[in-house]
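Shown next, in structure tokens, is the structure this report addresses.
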Amino acid sequence: MARCTDSGEPIYVGIYTTYRREGRGYVSVGFPLPQANFTATLAPRQRDGGGLALTSRGGDGQTGHYLSYIDADSRNLSTLAVHGFSEELDVYVEDGRLRADHAFSVFGLPFLTLEYRISRKG
């Protein structure tokens with residue numbers, strides 16, 4: 042999926058997948074980088090008041106952020122956990138419109154919140 046400006050120019054590209062492990066579902070998003078990939082794995086849960094919440098703070102060995110890199114000479118793949126980086130995504134309906142609040146933090150300090158408002162064309 043590509044997020045685009047009004048002119049159609051991509052802001053970023055992410056590859057979204059879902060999977061199950063030990064009876065629990067996860068959402069994993071990969072962001073391609075030159076010779077690398079940044080992956081965020083989030084656990085969904087029901088949101089109080091309705092909707093869906095996704096978190097990278099699951100503490101279950103699956104959720105979190107990971108950077109994979111291919112060495113240009115050896116072609117070896119290395120993957121590192123990116124500790125301290127976390128995100129929370131709340132998706133819900135308010136006044137008939139779909140909303141999403143996407144908050145990011147580093148070592149518990151908030152640094153960015155994206156607020157999405159989605160409505161039907163018409």
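Residue numbers 42 to 163, in the numbering used here, belong to the letters of the sequence shown in order.
Virtual Cβ for every residue (Gly too), placed ideally from N, Cα, C.
Treat the numbers as computed from the prediction; the structure is a model and nothing was measured.
Which of helix, strand or coil DSSP assigns to residue i
{"i": "THR104", "result": "coil"}
{"i": "ALA84", "result": "strand"}
{"i": "ASP142", "result": "strand"}
{"i": "ALA94", "result": "strand"}
Residue i versus residue j - alpha carbon distance
{"i": "LEU139", "j": "LEU108", "result": "31 Å"}
{"i": "LEU118", "j": "PHE79", "result": "13 Å"}
{"i": "ALA141", "j": "GLN87", "result": "14 Å"}
heavy atom of the ligand NAD below 7 Å from residue i C-beta
{"i": "ALA77", "result": "No copy of the ligand NAD occurs in the structure displayed, which carries no ligand at all."}
For residue i, the first and last residue of its enclosing beta strand (DSSP E)
{"i": "GLY66", "result": "65-74"}
{"i": "ALA113", "result": "Per DSSP, ALA113 belongs to no beta strand (DSSP E) and is neither H nor E."}
Neighbourhood of residue i by C-beta distance below 7 Å, restricted to the same chain and skipping five residues each side
{"i": "LEU155", "result": "HIS143"}
Own chain, CB closer than 8 Å to residue i, minus 5 neighbours either side, in chain order
{"i": "TYR67", "result": "THR59, TYR60, ARG61, THR82, LEU83, ALA84, PRO85, GLN103, THR104"}
Quiz item: With contact counted as at least three CB pairs below 8 Å, one residue from each stretch, are the region 93-102 and the region 127-134 in contact?
Solution: With the cut-off at 8 Å, the region 93-102 and the region 127-134 touch.
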